[in-house]
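Chains A, B and C are the protein sequences, given in the same order.
Its first residue numbered 10, the first sequence is counted upward by one per residue in my numbering.
Its first residue numbered 3, the second sequence is counted upward by one per residue in my numbering.
Its first residue numbered -19, the third sequence is counted upward by one per residue in my numbering.
From the three backbone atoms N, C-alpha and C, an ideal C-beta is built for every residue, glycine too.
Fair warning: this is a prediction, and the values are worked out from it, not measured in the lab.
See structure below.
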Amino acid sequence: MGIVASTYIVLILAMVLADFFYTTPNHIFKALASKEIQYAIKLSLVSSTITMLLSVIVAIPIGYFMARYNFKFKKIIDAILDIPIVLPPLVVGLSLLLLFQTTFGQFIESHLRITYTVYSVVIAQFMVACAFAVRTMYVTFSQINNRQEQVALTLGCNQRQSFFYILLPQAKSGILTAASLAWSRALGEFGPILIFAGATRMRTEVLPTTVFLEMSVGNIEAAVAVSLIMIASGFLVLLVVRLYGTKKQTF
Amino acid sequence: MLHCVDLEIKQGPFSLCNISFKVDKGEYLVLMGKTGSGKTTLIEAICGLRKVKNGQVLLNSANITNTAPGQRQIGYVPQDGALFTTMTVAENIEFALKIRNWPKGKINQRVQELAALLGIEHLLKRTTHNLSGGEKQRVALGRALSFYPEILCLDEPLSALDQVTKAEIITLLKNLSQKLQVAIIHISHSEYEAKKLATSILSLKDGILEKVSL
Amino acid sequence: MKYSGTGKIIGFIVLLFLLIGCKSKQEPKTLLVYCAAVVKPALEEIAEVYYHKTGVQLDLQYGGSGTLLANIRIAKQGDLYLSADASYMKQAITYNLVEQSKPIVAIAPVLAVRSNNPKKIKAVSDVCKTGIRFGVANPEAASVGAVTKKLLQESGNWEAVKKSIYVQMPTVSDVANAIKLNTIDAGVIWNVTANQYKEIDIVKVDDFNTYKDYTSIAVLKWSKQPNEALKFTNFLLSDSNSINVFKKLGYKMY
């Protein structure tokens, strides 16, 4: 058991170390100084954060209805919610591209250009990240006994009040998990973005795209430097969320 | 005061039929029955947390069968309290009053009053996590009584307590029933508790309600 | 419900063997070819013919020329590299990945639009007009992108065009697909790529007239089977089967 467990952790760390030894602080500073990479960092952080917020806003009601209500075709809807998780990333990108070529998609495009713009970056990230947030919120709400909500109802709450005052505060650490999961998914999203948003520098280039483009020019050192920037920022965010989430529980 | 008329409640495979009884102000009704006999189901129906198939629930001759739980003025203490884990003890007690938009001063006054009555003044600022079983019951009672309900429904309030605490809470419940203008419905499977507290006893067996003489 | 511990272990071992089985099927004689996306259709057919004739399996790894080059440099394995144009082959020689290369087919960049040219695009200046969605391959990632940039710089149109580029994509196939899917109105792709799409028409523009280049193939230095690799190179360049496939698909031999 212990050997199996530690092998995996060592493997993860070894991977990161391999990146580390391929680059030098000099390369990282050079990467950080590049205008294109600065833009990619900015776009990645902003789009991932927007995706995270959207995902949580959507995942909370879906998770709530799935966990608290029984209705026809619930199993089917449950399976539908997993489609974005199961689909290969390329398929998600291609499907989105095709969706925005339909009459419905063209109607939206005629008001707001989506395909190959920053909006498509967020949509591509959202489609996948949200599925993970939904799953997390579903589990979170399922695990919370509804007795506190019932008491709240007898105390004078309506359904909405008992949801916001009683259930949501109990789900806080679950919401944090869902948010961090959505955020890290969005940050690492690549395949769908490449197809649905393209790889236009200074426009739709996110950090994974940068890694890809830098590798394509043979600038492996820069690609690794950007990878390390991603690893560091992702790790930092997850760590902060974990620390914050557990502080509440050990109270 | 509270009057159940020919209630029929379905719960999964089994159902309660022809449930009729009355409780009046100052009365202490103990509802007895084995585990799974439907005691909790019945009390949930009275509180409005469960749908009634047939029959009526009347409160002061008003039909409240389909009234939302929050409009019924019935205080409910479920098994082991179900305190709001994200709030302090004081926040638990004042919750119903905040929902009713009471002014702050009045809320504080009511919380102090209840805390004194229940002997939990020293707990008000604590979170609910490390309270003992008896303390939890006291807080849950305070929370259920805060809005001056006419009926108080208690679901096995003594079952998880040790002997000493049990005796304390029995004394407390007796006091409450005498001091407050409230009818109490108390679920229990212990005859000892029933004899100590009840002014009348009902027993639920195979979906049928029977009167038990004291 | 009776899955014993040994049952699970046996199941796991069976899975492991199945996995190894997947690999060893290709083991006998396999050549790993890093192949620029531009010649994908031809290489696919030729690989099949070659397998039937010689029993040698070709593992084709597709991508933009630059992307492939980076992969090769990191992975340090494989037998052949097939670049879209000569410039990447020069890089491969600089990085000391290959020694010498041979040209295969001639290629040239073209301005491509949807068939029948619905947006009436006649010149490079037309793609700068508002409402025209113009796509190119990433100059960093794909050779057609680099060539596009170079040629437009020479004709003096690059600065204007650069501002109106609607999207950049990683390979020439992505640009062609985007034209087919109607997500862009015009793009620069290789003439040989354009020939494979019946939904795509070529607009003759002066900017690209002067350019002549060729895809080329080279044996990678660390190939463990350089003779096999060389044999395939010769087949690709001079066997009538191979030449016919290229001709059929609209490629011109060098």
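Are residue i and residue j close, meaning C-beta to C-beta below 9 Å?
i	j	result
residue 34 of chain C	residue 215 of chain C	yes
residue 25 of chain B	residue 59 of chain B	no
residue 50 of chain A	residue 231 of chain A	no
residue 212 of chain C	residue 38 of chain C	yes
residue 242 of chain A	residue 142 of chain A	no
residue 56 of chain B	residue 4 of chain B	no
residue 97 of chain B	residue 148 of chain B	yes
residue 72 of chain A	residue 148 of chain C	no
residue 211 of chain A	residue 48 of chain A	yes
residue 22 of chain C	residue 225 of chain C	yes
residue 105 of chain A	residue 136 of chain A	yes
residue 126 of chain B	residue 174 of chain B	no
residue 185 of chain A	residue 250 of chain A	yes
residue 115 of chain C	residue 172 of chain C	no
residue 184 of chain B	residue 28 of chain B	yes
residue 116 of chain B	residue 95 of chain B	yes
residue 198 of chain C	residue 78 of chain C	yes
residue 62 of chain C	residue 196 of chain C	yes
Closest to residue i by C-alpha separation, out of the options, would be which residue?
i	options	result
residue 168 of chain C	C:162, C:125, C:224	C:125
residue 274 of chain A	A:202, A:220, A:146	As shown, chain A starts at 10 and ends at 260. That puts residue 274 of chain A outside it, with no answer to give.
residue 181 of chain A	A:118, A:152, A:200	A:152
residue 64 of chain C	C:188, C:183, C:200, C:152	C:152
residue 204 of chain C	C:172, C:10, C:100	C:10
residue 20 of chain C	C:36, C:-13, C:154, C:-15	C:154
residue 156 of chain B	B:120, B:45, B:101	B:45
residue 14 of chain B	B:43, B:31, B:29	B:43
residue 215 of chain A	A:178, A:41, A:52	A:52
residue 18 of chain C	C:-15, C:-6, C:84	C:84
residue 138 of chain A	A:105, A:112, A:189	A:189
residue 148 of chain A	A:107, A:69, A:95	A:69
residue 161 of chain C	A:154, A:124, A:236	A:124
residue 88 of chain C	C:113, C:96, C:128	C:128
residue 99 of chain C	C:180, C:201, C:-9	C:180
Nearest-angstrom Cα distance between residue i and residue j?
i	j	result
residue 122 of chain B	residue 111 of chain B	14 Å
residue 140 of chain A	residue 215 of chain B	60 Å
residue 67 of chain C	residue 223 of chain A	17 Å
residue 271 of chain A	residue 94 of chain C	With chain A running from 10 to 260 in the structure shown, residue 271 of chain A is simply not present.
residue 38 of chain A	residue 221 of chain C	53 Å
residue 81 of chain C	residue 209 of chain C	12 Å
residue 27 of chain C	residue 174 of chain C	22 Å
residue 253 of chain A	residue 244 of chain A	14 Å
residue 267 of chain A	residue 48 of chain B	As displayed, chain A neither begins before 10 nor continues past 260, which places residue 267 of chain A out of reach and without an answer.
residue 150 of chain B	residue 136 of chain B	22 Å
residue 99 of chain A	residue 218 of chain A	14 Å
residue 75 of chain A	residue 83 of chain A	8 Å
residue 194 of chain A	residue 57 of chain A	8 Å
residue 80 of chain A	residue 102 of chain C	59 Å
residue 140 of chain C	residue 109 of chain A	28 Å
residue 200 of chain A	residue 138 of chain C	29 Å
residue 233 of chain C	residue 142 of chain C	33 Å
residue 116 of chain A	residue 117 of chain C	27 Å
residue 61 of chain B	residue 145 of chain A	43 Å
residue 20 of chain B	residue 152 of chain B	24 Å
residue 217 of chain B	residue 140 of chain B	In this structure chain B extends from 3 to 216, so residue 217 of chain B is not present and cannot be described.
residue 168 of chain B	residue 159 of chain B	9 Å
residue 194 of chain B	residue 213 of chain B	17 Å
residue 59 of chain C	residue 206 of chain C	7 Å
residue 178 of chain A	residue 171 of chain A	10 Å
residue 12 of chain B	residue 209 of chain B	10 Å
residue 24 of chain C	residue 130 of chain A	33 Å
residue 162 of chain B	residue 103 of chain B	34 Å
Mind pulling the chain F residues with CB within less than 8 Å of residue i?
i	result
residue 72 of chain B	Looking at the structure shown, chain F is missing, and the protein chains on hand are A, B and C.
Measuring only from the beta carbon, is residue i closer than 8 Å to any heavy atom that is part of the ligand FMN?
i	result
residue 39 of chain A	With respect to the ligand FMN, the structure shown offers nothing to examine, as it has no ligands at all.
Within 8 Å of chain A by C-beta, residues of the segment 129 to 150 of chain C in sequence order
Of all residues in the segment 129 to 150 of chain C, 145, 146, 147, 148, 149, 150 have a Cβ within less than 8 Å of some Cβ in chain A.
Is it a yes or a no for the segment 58 to 67 of chain B touching the segment -8 to 0 of chain C, going by three-plus beta-carbon pairs under 8 Å?
no
Inter-stretch contact at 8 Å, needing at least 3 Cβ pairs: the segment 140 to 160 of chain A / the segment 30 to 47 of chain A:
no
Looking at chain B, which residues of the segment 145 to 160 of chain A have a Cβ within less than 7 Å of any of its Cβ atoms?
From the segment 145 to 160 of chain A, only 156, 157, 159, 160 have a Cβ closer than 7 Å to chain B.
Under 8 Å (Cβ pairs) to chain A, residues found in the segment 94 to 112 of chain B:
97, 98, 101, 102
Contact list for the segment 221 to 244 of chain A against chain C, Cβ threshold 9 Å:
221, 222, 223, 224, 225, 226, 227, 228, 229, 232
Inter-stretch contact (C-beta, 8 Å, three-pair minimum) for the segment 182 to 192 of chain B and the segment 17 to 37 of chain B:
yes
Using a Cβ distance threshold of 8 Å, determine whether the segment 43 to 60 of chain C contacts the segment 115 to 130 of chain C, with at least three qualifying pairs required.
yes
Between the segment 71 to 80 of chain B and the segment 162 to 169 of chain A, are three or more C-beta pairs nearer than 8 Å?
yes
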